[in-house]
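J.:
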Amino acid sequence: EAQVTQNPRYLITVTGKKLTVTCSQNMNHEYMSWYRQDPGLGLRQIYYSMNVEVTDKGDVPEGYKVSRKEKRNFPLILESPSPNQTSLYFCASSFTGGAYSNQPQHFGDGTRLSIL
Amino acid sequence: GQQVMQIPQYQHVQEGEDFTTYCNSSTTLSNIQWYKQRPGGHPVFLIQLVKSGEVKKQKRLTFQFGEAKKNSSLHITATQTTDVGTYFCAGKGNYQLIWGAGTKLIIKP
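Those protein sequence lines, which keep their order, are chains A and B.
Read in order, the letters of the first sequence correspond to residues 1 to 116 in the numbering used here.
Read in order, the letters of the second sequence correspond to residues 1 to 109 in the numbering used here.
Below is the structure:
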């Protein structure tokens, strides 16, 4: 089944404790992206990746890191989480992305992070 | 920077009434996509509009893209409980999708 898989689905942790949210897609998509969703603000892009080893900042990259060593995986890393990073996070992928892409995005089920 | 404003933020309707959400961009868009997010779920792609003035229908849902490719709307006729959720537009700007903040459709009991 074609899907985007995020783990964990839920996480409660404390300020400063490094964490990683994994994202994997099995559709051979080139483009992957991370969003955070907060009430009243919709989806805000954190980072995106056009292909392996190519990543770029979205609208709200501060406090986050990403890597794209393989096509299928795009982990989101919070080196020193803070309470303002408490949010619902979505990973998404599409065949292509960027200026010339008309591809729809496929989303994972989301990861709800609570930073105390 | 490029922005897409989506209104209203919430809409309460009685089952059977119509629902409309609007998106307006500060700049011309190359295309616009619409997504639906059910409560507790993730956004799911509904449709994409590319041409100026384009109108597409999916059963009770009608999607429009403005002539200037700066605005779009989604209209649902005779809402049903299965329509509950948040509807997002996402416009393609110069490089990335620009997301509207979403309109939450709430069916009054």
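The beta carbon of each residue, even a glycine, is placed where N, CA and C say it ideally should be.
If you're wondering where the values come from, they're calculated on a predicted model, not measured in any experiment.
What three-state label does DSSP hand A:Val-51 in the structure shown?
T.: A small fix is needed here, since residue 51 of chain A is Asn in this sequence, not Val. A:Asn-51 falls in the strand class under three-state DSSP.
J.: Out of B:Gln-96, B:Thr-62, B:Gly-16, B:Ala-68, which one is the CA nearest neighbour of A:Leu-43?
T.: Ranking B:Gln-96, B:Thr-62, B:Gly-16, B:Ala-68 by Cα distance to A:Leu-43 puts B:Gln-96 first.
J.: The beta strand (DSSP E) that contains B:Ala-90, what's its start and end?
T.: Its beta strand (DSSP E) spans residues 85–92.
J.: Excluding the five sequence neighbours on either side, which residues of its own chain have a C-beta within less than 6 Å of the C-beta of B:Gly-91, listed in chain order?
T.: Hits under 6 Å: Val-4, Ser-25, Leu-29, Ile-32, Ile-98.
J.: For the region 34–88 of chain B, list the beta strand (DSSP E) runs that are entirely contained and at least 3 residues long, ordered along the chain.
T.: With a minimum length of 3 residues, the continuous beta strand (DSSP E) runs that stay inside the region 34–88 of chain B are 44–49, 55–58, 61–65, 71–76.
J.: Cβ atoms of A:Pro-81 and A:Gly-63: under 9 Å apart, would you say?
T.: Their beta carbons are under 9 Å apart, which means A:Gly-63 touches A:Pro-81 by this criterion.
J.: Quick one: Cα of A:Pro-61 to Cα of A:Trp-34, how far?
T.: Straight-line Cα distance between these residues: approximately 10 Å.
J.: Am I right that A:Thr-15 and A:Pro-83 are in contact with their C-beta atoms under 8 Å? What's the rounded C-beta distance?
T.: Correct: roughly 6 Å between the Cβ atoms.
J.: When you compare each of B:Val-55, B:Ile-76, B:Ala-68 to B:Gly-16 by their alpha carbons, which one comes out closest?
T.: Answer by Cα proximity: B:Ile-76.
J.: Expressed to the nearest angstrom, what Euclidean distance is found between the alpha-carbon atoms of B:Asn-71 and B:Leu-49?
T.: When rounded, the distance between both Cα atoms is 11 Å.
J.: Which residues in the same chain have their Cβ closer than 6 Å to the Cβ of B:Lys-69, if we skip the five residues on either side of it in sequence?
T.: If we look at B:Lys-69 and ignore the five residues flanking it on each side, its Cβ neighbours are Thr-28, Leu-29, Ser-52.
J.: Cβ closer than 8 Å: which chain B residues qualify as neighbours of A:Gln-3?
T.: Going along chain B, no residue has its Cβ under 8 Å from A:Gln-3, so there is no contact; the nearest lies around 11 Å.
J.: Could you compute how far the alpha carbon of A:Leu-41 sits from the alpha carbon of B:Ala-101?
T.: Near 5 Å, if we compare the C-alpha coordinates of B:Ala-101 and A:Leu-41.
J.: With a cut-off of 8 Å on the beta carbons, I'd call B:Ile-44 and B:Lys-56 a contact; round off their distance for me.
T.: A small correction: the amino acid at residue 44 of chain B is Val; Ile does not occupy that position in the sequence shown. With a Cβ gap of about 16 Å, B:Val-44 and B:Lys-56 do not count as contacting.
J.: Using a C-beta to C-beta distance shorter than 8 Å, which residues of chain B count as neighbours of A:Tyr-48?
T.: Near A:Tyr-48 (Cβ distances below 8 Å), the residues of chain B are Gln-96.
J.: Taking the runs of the beta strand (DSSP E) that are 3 residues or longer, which of them lie wholly in the region 57–98 of chain A?
T.: Whole beta strand (DSSP E) segments, 3+ residues: 76–78, 87–94.
J.: DSSP three-state call for B:His-12: helix, strand or coil?
T.: It is a strand residue.
J.: Please list, in chain order, all residues of the same chain as A:His-29 whose beta carbon is under 7 Å from its beta carbon, the five residues on each side excluded.
T.: Counting only Cβ-Cβ distances below 7 Å, and skipping sequence neighbours, we find Ser-93, Ser-94, Phe-95.
J.: Looking at C-alpha atoms only, which residue of A:Gln-37, A:Phe-90, A:Gln-6, A:Gln-85 is the closest neighbour of A:Ile-12?
T.: Looking at the Cα atoms, A:Gln-85 is the closest of the given residues.
J.: Note down the Cα distance separating B:Asp-18 from B:Arg-60, rounded to an integer number of angstroms.
T.: Spanning the two alpha carbons is a distance of roughly 10 Å.
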